[in-house]
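No gaps in the numbering here: position 250 of the sequence shown is 250 in the UniProt record's numbering, and each next residue is one more.
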Amino acid sequence: MVVGLHRNAQVKVDLGAIKHNISAELKRMGKEQELFAVVKANAYGHGIIPVAKAAKEAGATGFCVALIDEGIALRQANLAGTILILGVTPAKDAVLMAENELSTAVGDLEFLQTSAPLLAQAGKKLKVHLALDTGMGRIGFCKQATLKQALDFLAKHPKEFEFEGIFTHFATADAKDESHYQKQLAKFNELMAVVSHKPRYVHVANSAAAMWHDDCGGNVIRYGITMYGLNPSGDELTLPTTIKPALSFESELVFVKQLVPGDTVGYGKTYTTKTTEWVGTVPVGYADGWLRRMQGYHVLIAGELCEIIGRVCMDQFMVRLPRKLPLGTKVTLIGQDGTKQVTAQMAAQYAKTINYEIVCNLSERLPRYYENNGVN
């Protein structure tokens, strides 16, 4: 994608905040635990390589990604340590993963059976983490019998596979109701009963489990959304530690005009002025990840909350201004201006989604600029 360098709209990422958040979690972890930084999806929109390097400096010993390509990008950036692909990968790419020293999640026996001869022919060994489906319903072994078959297969193919890890993923670790979490934890322990020799890594804690469930165990924390300074539960639960948001999103006014009563704004003329109003145009739209449904939400302009009027367009949206403001006045979509703040969580609540989606949606045509302040 072409990056919009000749337009004043950008994402700013404070790597110091990410380091602070990792440091805060390292202080809470057990001495036997390691922290893997989850940097999939372009580090949740923050930028995979700069974030991964900052996480490594802060004490992360490994990384979690979703795609083979993300793992290769980290290796090409000379990042050492475990790189675990959490998603399903094709058996035909087993050799490619082994060549790049990538570890991969495995959730069925067929992957092992299909990839074993390919690895044997290439003389390569692939590191695998067996995924256990304890109630997420996504990927993984859910019965002791099929898990035992996979364990036996690995034991018979030590030249092709290294049984490096085993894990599960909690669906409701960020909820007040702990019933499903406890059900998943019991299922995990049931499945682990057939694992006679535990691998190097046993990991169950995502950000939410790490924050609110010390009983889940494991020797690795998969540190995701909280690393970026966002609460995995939204506003449902209070975090036990202080984190700092790492991302801000800013633009500017590129057009200002006065409308009279009865004028309409935007596609579908969903906004009609009732009085004489000053209206500004911001050069950002849903192609940048600022959702079309954000009409009625507020951004900060000159330190004041200003309502988005009319539907958000592909590349622009309009706001009602408190008065005539000069072109080039800063517009803050996520971040702080003066004493007021608009957050990814506030945007998520308005859009009836989660803060993950708000930051992950930010398009790559928005340039990313990096600071190392530790404060936002």
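Glycine included, C-beta positions come from ideal geometry on N, C-alpha and C. This structure is a prediction, so every number in the text was calculated from the model and none was measured.
Local conformation of residue i per DSSP, three classes
{"i": "glutamate 162", "result": "strand"}
{"i": "valine 2", "result": "coil"}
{"i": "leucine 247", "result": "strand"}
{"i": "histidine 298", "result": "strand"}
{"i": "glutamate 34", "result": "strand"}
{"i": "leucine 253", "result": "coil"}
{"i": "valine 195", "result": "coil"}
{"i": "methionine 227", "result": "helix"}
{"i": "methionine 346", "result": "helix"}
{"i": "valine 375", "result": "Caution applies to valine 375, whose pLDDT of 42 falls short of 50 and renders its modelled position unreliable; the model cannot decide the point."}
{"i": "arginine 75", "result": "helix"}
{"i": "serine 363", "result": "coil"}
{"i": "asparagine 8", "result": "coil"}
{"i": "aspartate 235", "result": "coil"}
{"i": "lysine 324", "result": "coil"}
{"i": "leucine 96", "result": "helix"}
{"i": "alanine 175", "result": "coil"}
Expected contact under 8 Å - CB spacing of residue i and residue j to nearest Å
{"i": "proline 245", "j": "glycine 224", "result": "At roughly 15 Å, the Cβ-Cβ gap does not stay under 8 Å, so proline 245 and glycine 224 are not in contact."}
{"i": "residue 378", "j": "alanine 98", "result": "For the chain, the structure presents residues 1 to 376; residue 378 sits outside this window and is missing."}
{"i": "phenylalanine 163", "j": "proline 199", "result": "5 Å"}
{"i": "tryptophan 212", "j": "leucine 237", "result": "6 Å"}
{"i": "alanine 60", "j": "leucine 35", "result": "5 Å"}
{"i": "aspartate 337", "j": "alanine 9", "result": "In fact, because the Cβ distance is near 15 Å, the residues do not count as touching under 8 Å."}
{"i": "alanine 24", "j": "isoleucine 358", "result": "Between isoleucine 358 and alanine 24 the Cβ distance is about 22 Å, and since that is not below 8 Å, they are no contact."}
{"i": "leucine 333", "j": "tryptophan 290", "result": "7 Å"}
{"i": "aspartate 133", "j": "cysteine 142", "result": "4 Å"}
{"i": "phenylalanine 111", "j": "alanine 91", "result": "5 Å"}
{"i": "lysine 274", "j": "glycine 303", "result": "The pair is not a contact, with the Cβ atoms about 25 Å apart (cut-off 8 Å)."}
{"i": "phenylalanine 167", "j": "histidine 203", "result": "4 Å"}
{"i": "cysteine 216", "j": "alanine 208", "result": "In fact, because the Cβ distance is near 10 Å, the residues do not count as touching under 8 Å."}
{"i": "arginine 365", "j": "valine 3", "result": "6 Å"}
{"i": "threonine 226", "j": "asparagine 100", "result": "Not confirmed; about 28 Å, so no contact."}
{"i": "arginine 368", "j": "glycine 47", "result": "5 Å"}
Endpoints, beta strand (DSSP E) assigned at residue i
{"i": "aspartate 152", "result": "It is not in any beta strand (DSSP E) - aspartate 152 instead sits in the alpha helix (DSSP H) that spans 144-156."}
{"i": "histidine 20", "result": "Premise fails: histidine 20 lies in the alpha helix (DSSP H), 15-28, not in any beta strand (DSSP E)."}
{"i": "histidine 203", "result": "201-203"}
{"i": "methionine 192", "result": "No beta strand (DSSP E) contains methionine 192, which is instead part of the alpha helix (DSSP H) from 179-192."}
{"i": "phenylalanine 63", "result": "62-65"}
{"i": "valine 220", "result": "220-223"}
{"i": "residue 377", "result": "Since the first and last residues shown for the chain are 1 and 376, residue 377 lies out of range."}
{"i": "valine 284", "result": "Element bounds for valine 284: n/a, residue is neither H nor E."}
{"i": "leucine 321", "result": "317-321"}
Opposing strand residues paired with residue i [DSSP bridges]
{"i": "aspartate 337", "result": "Lys340"}
{"i": "methionine 211", "result": "Partner(s): none; methionine 211 has no beta bridge."}
{"i": "tyrosine 370", "result": "Val13"}
{"i": "serine 103", "result": "Leu84 and Lys127"}
{"i": "tyrosine 356", "result": "Per DSSP, none; premise fails for tyrosine 356."}
{"i": "glutamine 258", "result": "Trp278"}
{"i": "lysine 306", "result": "The identity of residue 306 in the sequence shown is cysteine, whereas the question assumes lysine. Its beta-bridge partners are Val299."}
{"i": "leucine 132", "result": "Phe141 and Thr168"}
{"i": "lysine 330", "result": "Glu252"}
{"i": "tyrosine 271", "result": "Val265"}
For residue i, the first and last residue of its enclosing alpha helix (DSSP H)
{"i": "cysteine 313", "result": "Cysteine 313 -> no alpha helix (DSSP H), and no H or E assigned at all."}
{"i": "phenylalanine 141", "result": "Phenylalanine 141 -> no alpha helix (DSSP H), and no H or E assigned at all."}
{"i": "leucine 109", "result": "109-122"}
{"i": "alanine 58", "result": "48-58"}
Residue i CB to nearest heavy atom of the ligand GTP below 7 Å
{"i": "phenylalanine 161", "result": "Within the structure as shown, the ligand GTP is missing, as the structure has no ligands at all."}
Proximity test, Cβ basis, 8 Å: residue i and chain C
{"i": "leucine 333", "result": "Chain labels in this structure do not include chain C; a single protein chain is all it has."}
Are the region 308-325 and the region 335-351 touching by the rule of at least three beta carbon pairs closer than 8 Å?
The region 308-325 makes no contact with the region 335-351: fewer than 3 CB pairs, one atom from each, lie closer than 8 Å.
Stretch-stretch touch, CB-based, cutoff 8 Å, three pairs: the region 52-71 with the region 124-139:
Verdict: no, contact absent.
So, does the region 274-283 touch the region 245-255, judging by three or more C-beta pairs under 8 Å?
yes
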